[in-house]
Amino acid sequence: MKKKAIRMLTLGMACFMLFSNLQLNLQAMEAQDASLDAAEQALVQLAEEREILAVVYHTDSYSLAAGPEFVSSGLVEIPSGSQVFIEGVTIQDNEAWYLVSYTYNEKTYTGYVHSEYLISSDERFLDWQESYPLGQGESTEEPIVKASDDILAFPESYRSYLHQLKSQHPNWVFVPFNTNLNWETVIAEEMVGDRSWVHSSKSDAWKGEQRSSSWYLATKEAVEYCVDPRNFLNERYIFMFEQLTYNESYHTVQGVQNIIQTTFMRGEIPGEGITYAQNFYNVGRGLGVSPFHLASRVYQEQGVNGTSALISGTYPGYEGYYNYYNISASGTTDQQVIESGLKYAQSKGWNTRVKSIAGGAEFISRNYILRGQDTLYLQKFDVDPSYNGLYYHQYMQNITAPMTEGATTRAAYEKAGALNNMFVFKIPVYLNMPASACPEPGTSDVINPTEEQAKLLKAFIIRLYTDALGHSSYTDEEIEYWYQELISGGSDGAHVAYGFFFSEEFKAKMLSDEEYLDLLYRVMFDRTADAEGKEVWLDKLAIGMSREYVYAGFVNSSEFANVCSTYGVKQGTITSSGYRDQNEGVTAFVTRLYNKALGRSGDDQGMEDWCRIILRKEQTMETVAYGFIFSQEFLSHNTTNEEFVRILYRTFLNRESDAAGFNDWVGRLNQGTGREFVFQGFARSAEFNELMESYGISPY
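Encoded structure:
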C-alpha cells in the first residue's frame, strides 16, 4: 500500500514538474516572440524615420525573393555592391530576412534578402543589430555561391591593394560593385562630348581640346587612369568609394570644421548667425547624408577663397541668389556657367546662403545618393543602372574631383580619430579590364616594335593614304610622322585612322555605303569584306545609324584589337557622340517616320534632333510621330485612306498590314472616323508599346 502511494506521489510530482516546465517554456516562447516582434517593429520605425541604405555582398549576385526564403530564380538578380533600402525584417528560426527595395532601370522591386548577404554602415542599423542579436544561419538549401571573405570576392588584380588596406584597418569592409559593363565601353562613353574635363594645371598628357580658360577635355589616357578603381585603393583616395551616409559618432561639427578651417567658410555665414560648420552638420544630419561630403563638395566647387560669382549674391540680374554646389552651372564660357547656375538658384528660391546650402544638399541626396550614385566615384562616373540610364547623369565634369574630395574626407576622418571605424567601400568592377591598373598619363613607356611589326605598321599607314584617301603617292615624311605618333603612344590605331576616314578630303569622295564598308574592311582589317558581316553593317546604316557608329564598331572589335596587337601598337577606342547612335530602335523609328511617312531620307541634323528629343524625353513618341504624320509636308501628299493606314502599320509597327486589321481601320475611315483617332489607335496600341519597350524606351 505504501509503495503504491509512493508511486502515485512520484507520478504526480512528475506531472507537476512537466506542467511547470511547459509553462516555463511557453512563457519563454512568448517572451521570445515579444522580443522578435519588438525587433521587427523597431527596424520598421528606423526605416520610416530615414532611409536605411545597404549593399548586397558576399555573392556575385543575389536572387531577390518574394518571401523570406532562398530561391534560384527570383524577382530580379541584384549584382554585388548594388544599393538597396531596408524597409523591414522578418525573423524566422532566429534568422533575419530583410525586406528591401531595389531599383533597376527605373523599376523598383521589393522582396527579401537574407541577413548574410547585406552590409550597411548606417549606425542606427548597426545599433539595432547589436540590440537584437540574431543568427546568420547556414541553410543547406542555399543556392547562392558565397565569397569566403570580402577581398577574395574581387578580381586578382584588386587584391594586393585591398590586403594592404585591410592590414591597417581590419574593420573596413570592401564590396565589389559588379557593374557588368565592358571596360572599353565605359571608357568610350566617358569620352563622349563634354563628360570628362581636366583642369589647366594638369600636364599636357592629361589635356585634349581646350573648352574654357581653365578647363580641357580629358585625354583617353586620363579617363582610363581616373576610371580605373585600382589606382585609388590606397590610404589617400579610398574614401571616394565610401557610402555617403550620416553617422553620428564620427560626423561631428568639429570634423566639418577641420575640413573648412583654411577656407572662406571657417567662420559664420554672413548675416545668418550660424557657422558654416554647424550648418553643414545640421543639414547632413537632417537628410541622413555625410556632412563631411557636403562640406567637401562645396570646398571642391568654390575653392579656398570663395570668390565665384555663383555665391557672391551680387551678379547683375541675379542679385541675392546663391548656388554653393554649382548645380546646373554648365556651359562653354564662364558667363554661361555662372548664369545657368544662378538661373537655377533663382528657380529654386535660393535667396540666402543657408537656403542654397540646404537646397543643394537636398538635391544631391534626392538625385544622387538615394538613387544609386552613393559614392564620390559614382557621382562622377555614372555606371549604376538604377535610375537615369548610364553614363550621362554625372554631378561633375572634372574627372579628378573624386580624388580631391576623397582625400579631403579621409583627412577629416583622420583628424577626428575615426579611421578605424567600420566603413563600407563599394568599389566598381568591370568586364574585360586591363590586366593591371592603367598608368597615370605621361608615364607610359614608348613602344619598341620589332622589324616585322614596323613593316606591318607602315603598311597600315600606307593603306590609309592609298586606299582610304585614294592617293597615288605619298612622302616618306608623311608615313614616318604617323609611325612615330603610334609607337610613341601619342596616338593609337583607332584615332589615327579616324583622322583619315572623317577628313573633309574623304567626305568629298561621296562614297556609297557599300563602298565605305569595303574600304573599312580593306584598310582596318587588311582583308576583303565577308558577305555576312557586310550585310549586318549595311542594315545598321539603312535604319539610320551613322558612319561614325559603324567605324566605332570596326575599331572597337576584337579583330582590330588583334591587328593592333600584331602591329605592336595601342588599339584605342572610338564612340559616336550622336544621339542617333545611342539606341538602334529609336533611330530606326525616326528613319521610318522620314521614309514611310514623308517618303524621303532624313537629313543628318533632323535625325540627330528627333533622336535627342525622344531619348531625353523632351516629347513622347506619340507627339513626335504626330508632328510627322500631320505635318504640312505629309498632308501635301494627299494620301488615300488605304495609303494612310499602310503608312501607320509600317511606321508604328514596322510591318505590313494584316488583312483583318487593315480592313477594319480603312472601313472606319470610310465611315467618317477621323484620322487622328486612327493615329491614336496605332500610337497607343499594345503592339507599339511592346516594340518600344524592346528598345528600352517608354512610348509615353
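In the working numbering, the protein residues as written are 1 to 700. Yeah, the Cβ is synthetic: ideal placement off N, Cα and C, and Gly gets one too.
Next item on the list: For the segment 439-459 and the segment 336-343, state whether three or more C-beta atom pairs, one from each stretch, are separated by less than 8 Å.
Entry: no
Next item on the list: Write down the C-beta distance between Arg-592 and Asn-689 rounded to the nearest angstrom, noting that I regard them as a contact closer than 8 Å.
Entry: Residue 592 sits at position 592 when you count from the first residue of the sequence shown. Residue 689 sits at position 689 when you count from the first residue of the sequence shown. Rounded, the Cβ-Cβ distance is 16 Å, inconsistent with contact.
Notebook entry, point to check: Does the Cβ-Cβ distance between Val-84 and Trp-97 come in under 8 Å?
Noted result: In the sequence shown, counting from the first residue as 1, residue 84 sits at position 84. In the sequence shown, counting from the first residue as 1, residue 97 sits at position 97. Cβ distance not < 8 Å, so Val-84 and Trp-97 don't count as in contact.
Check: Can we say the segment 349-367 touches the segment 289-297, given the rule of at least three CB pairs closer than 8 Å?
Finding: yes
Next item on the list: Look at the Cβ atom of Tyr-321, then the Cβ atom of Asn-351, and state whether they are nearer than 8 Å.
Entry: Here residue 321 is taken as the residue at index 321 of the sequence shown, counted from 1. Here residue 351 is taken as the residue at index 351 of the sequence shown, counted from 1. Yes, the pair counts as a contact, with Cβ atoms nearer than the cut-off.
Next item on the list: Return the CA-CA distance between Trp-172 and Ile-427, expressed in angstroms with no decimal places.
Entry: Here residue 172 refers to the residue found at position 172 when the sequence shown is read from its first residue. Here residue 427 refers to the residue found at position 427 when the sequence shown is read from its first residue. The C-alpha of Ile-427 is placed about 13 Å away from the C-alpha of Trp-172.
Checklist line | Alpha-carbon spacing of Glu-77 relative to Glu-51, whole angstroms | finding: Taking the sequence shown and counting its residues from 1, one reaches residue 77 at position 77. Taking the sequence shown and counting its residues from 1, one reaches residue 51 at position 51. If I take the Cα positions, the gap works out to 22 Å.
Next item on the list: Inspect the beta-carbon positions of Ala-416 and Thr-252 and report whether they are closer than 8 Å.
Entry: As a working mapping, residue 416 is identified with position 416 in the sequence shown. As a working mapping, residue 252 is identified with position 252 in the sequence shown. Taking 8 Å as the cut-off, the beta carbon of Ala-416 is found closer than this to the beta carbon of Thr-252.
Notebook entry, point to check: Counting along the chain, where does the beta strand (DSSP E) carrying Lys-207 start and finish?
Noted result: Mapped onto the sequence shown, residue 207 falls at position 207. Run containing Lys-207: 207-210, per the beta strand (DSSP E) assignment.
Checklist line | Simplified DSSP assignment, three categories, for Arg-371 | finding: Counting from 1 along the sequence shown, the entry for residue 371 is found at position 371. Taken through DSSP and simplified to helix, strand or coil, Arg-371 comes out as helix.
Margin query: Which same chain residues end up closer than 7 Å to Leu-181 when comparing Cβ atoms and leaving out the 5 residues on each side of it in sequence?
Written below: Position 181 of the sequence shown, counted from the start, is the residue given in the question as residue 181. Once the five neighbours on either side are set aside, the close Cβ partners of Leu-181 are Val-383, Tyr-430 and Leu-431.
Checklist line | Cβ shell of Ala-309 (< 6 Å), same chain only, five flanking positions each side left out | finding: Your numbering for residue 309 matches position 309 in the sequence shown. Taken in chain order, the residues that qualify are Tyr-315 and Ile-338.
Notebook entry, point to check: Is it true that the CB of Leu-541 sits closer than 8 Å to the CB of Asp-513?
Noted result: Within the sequence shown, the letter at position 513 stands for residue 513. Within the sequence shown, the letter at position 541 stands for residue 541. In contact: Asp-513 and Leu-541 (Cβ atoms closer than 8 Å).
Next item on the list: Could I get the ranges of all uninterrupted alpha helix (DSSP H) runs contained in the segment 222-286, with 4 residues as the minimum, in chain order?
Entry: Taking only runs of at least 4 residues, the alpha helix (DSSP H) segments lying wholly in the segment 222-286 are 253-260.
Notebook entry, point to check: What is the C-beta distance between Asn-326 and Glu-301, in whole angstroms, given that I count them as a contact (C-beta under 8 Å)?
Noted result: Translated into positions along the sequence shown, residue 326 becomes position 326. Translated into positions along the sequence shown, residue 301 becomes position 301. By a beta-carbon distance limit of 8 Å, Asn-326 contacts Glu-301. Their separation comes to about 4 Å.
Checklist line | For Tyr-395, the three-state DSSP class (helix, strand or coil) | finding: Position 395 of the sequence shown, counted from the first residue, corresponds to residue 395. Here Tyr-395 sits in coil by DSSP.
Margin query: In the DSSP assignment, the alpha helix (DSSP H) including Trp-482 goes from what residue to what residue?
Written below: Here the question's residue 482 lines up with position 482 in the sequence shown. Note, Trp-482: alpha helix (DSSP H), 476-487.
Checklist line | Check whether Leu-598 and Asn-641 have beta carbons under 8 Å apart | finding: Residue numbering aside, residue 598 sits at position 598 when the sequence shown is read from its first letter. Residue numbering aside, residue 641 sits at position 641 when the sequence shown is read from its first letter. Not a contact, by the Cβ cut-off of 8 Å.
Next item on the list: Using alpha carbons as the reference points, say which of Glu-156, Lys-220 and Thr-103 lies closest to Arg-195.
Entry: By 1-based counting over the sequence shown, the position of residue 195 is 195. When C-alpha distances from Arg-195 are compared across Glu-156, Lys-220 and Thr-103, the shortest belongs to Lys-220.
Checklist line | Residue-level contact to chain B via CB, Arg-675, 8 Å cutoff | finding: The structure shown contains no chain B; it is built from a single protein chain.
Check: For the alpha helix (DSSP H) that contains Asn-641, what are its first and last residues?
Finding: By one-based count along the sequence shown, residue 641 stands at place 641. That run of the alpha helix (DSSP H) goes 641-648.
Next item on the list: Return helix, strand or coil for Trp-350, following the three-state DSSP convention.
Entry: Start at 1 with the first residue of the sequence shown, and residue 350 comes out as number 350. Three-state DSSP puts Trp-350 in coil, outside helix and strand.
Next item on the list: Quick one: residues in its chain with C-beta nearer than 7 Å to the C-beta of Thr-262, no 5 flanking neighbours on either side, listed in chain order?
Entry: Working through the sequence shown from its first residue, we reach residue 262 at position 262. Correct list, in chain order: Val-304.
Notebook entry, point to check: What span of residues does the alpha helix (DSSP H) with Ser-131 cover, start to end?
Noted result: For this step, residue 131 is matched to residue 131 along the sequence shown. Start and end: 123-131.
Note to self: Among the candidates Phe-589, Met-510 and Ile-614, whose CA atom is the shortest distance from the CA of Leu-691?
What the structure shows: On the sequence shown, residue 691 is found 691 positions in, with the first residue counted as 1. Here the closest residue by C-alpha is Phe-589.
Item checked: Inter-stretch contact (C-beta, 8 Å, three-pair minimum) for the segment 368-383 and the segment 393-405 -> Yes, the segment 368-383 is in contact with the segment 393-405.
Item checked: Endpoints, the alpha helix (DSSP H) within which Asn-670 is located -> On the sequence shown, residue 670 is found 670 positions in, with the first residue counted as 1. Asn-670 -> alpha helix (DSSP H) spans 659-670.
Check: Between Arg-266 and Thr-307, what straight-line distance do the alpha-carbon atoms span, to the nearest angstrom?
Finding: Reading the sequence shown from its first residue, position 266 is the one you call residue 266. Reading the sequence shown from its first residue, position 307 is the one you call residue 307. Between Arg-266 and Thr-307, the C-alpha separation is close to 15 Å.
Next item on the list: State buried or exposed for Gly-284, treating a residue as buried only when at least 16 other CB atoms are found within 10 Å of its CB.
Entry: For the purposes of this step, residue 284 is taken as residue 284 along the sequence shown, with counting starting at 1. So Gly-284 counts as buried.
Next item on the list: Rounded to whole angstroms, what's the CA-CA distance from Ile-311 to Phe-125? Just pull it up for me.
Entry: As a working note, residue 311 is residue 311 in the sequence shown. As a working note, residue 125 is residue 125 in the sequence shown. About 37 Å.
Item checked: Check whether Glu-123 and Glu-248 have beta carbons under 8 Å apart -> For the purposes of this step, residue 123 is taken as the residue at position 123 of the sequence shown. For the purposes of this step, residue 248 is taken as the residue at position 248 of the sequence shown. Their beta carbons are under 8 Å apart, which means Glu-123 touches Glu-248 by this criterion.
Next item on the list: Determine, using beta-carbon pairs with one atom in the segment 155-174 and one in the segment 455-466, whether at least three such pairs fall under 8 Å.
Entry: no
Next item on the list: List the endpoints of the continuous beta strand (DSSP E) containing Ala-218.
Entry: On the sequence shown, position 218 is the one that residue 218 refers to. Looking at the DSSP string, the run of the beta strand (DSSP E) that includes Ala-218 is 215-218.
Item checked: Residue environment, Asp-703, which counts as buried when at least 16 other CB atoms sit within 10 Å -> As displayed, the chain neither begins before 1 nor continues past 700, which places residue 703 out of reach and without an answer.
Notebook entry, point to check: How many angstroms separate the CA atom of Thr-140 from the CA atom of Asn-94?
Noted result: Translated into the one-based positions of the sequence shown, residue 140 becomes position 140. Translated into the one-based positions of the sequence shown, residue 94 becomes position 94. Residue placement at Thr-140 cannot be trusted, given a pLDDT of 42 that sits under 50; what the coordinates show is reported in the next sentence. Each residue's Cα considered, the two are about 16 Å apart.
Notebook entry, point to check: Where Ser-657 and Arg-616 are concerned, what is the direct C-alpha to C-alpha distance, given to the nearest angstrom?
Noted result: On the sequence shown, position 657 is the one that residue 657 refers to. On the sequence shown, position 616 is the one that residue 616 refers to. The alpha-carbon atoms of Ser-657 and Arg-616 are separated by roughly 31 Å.
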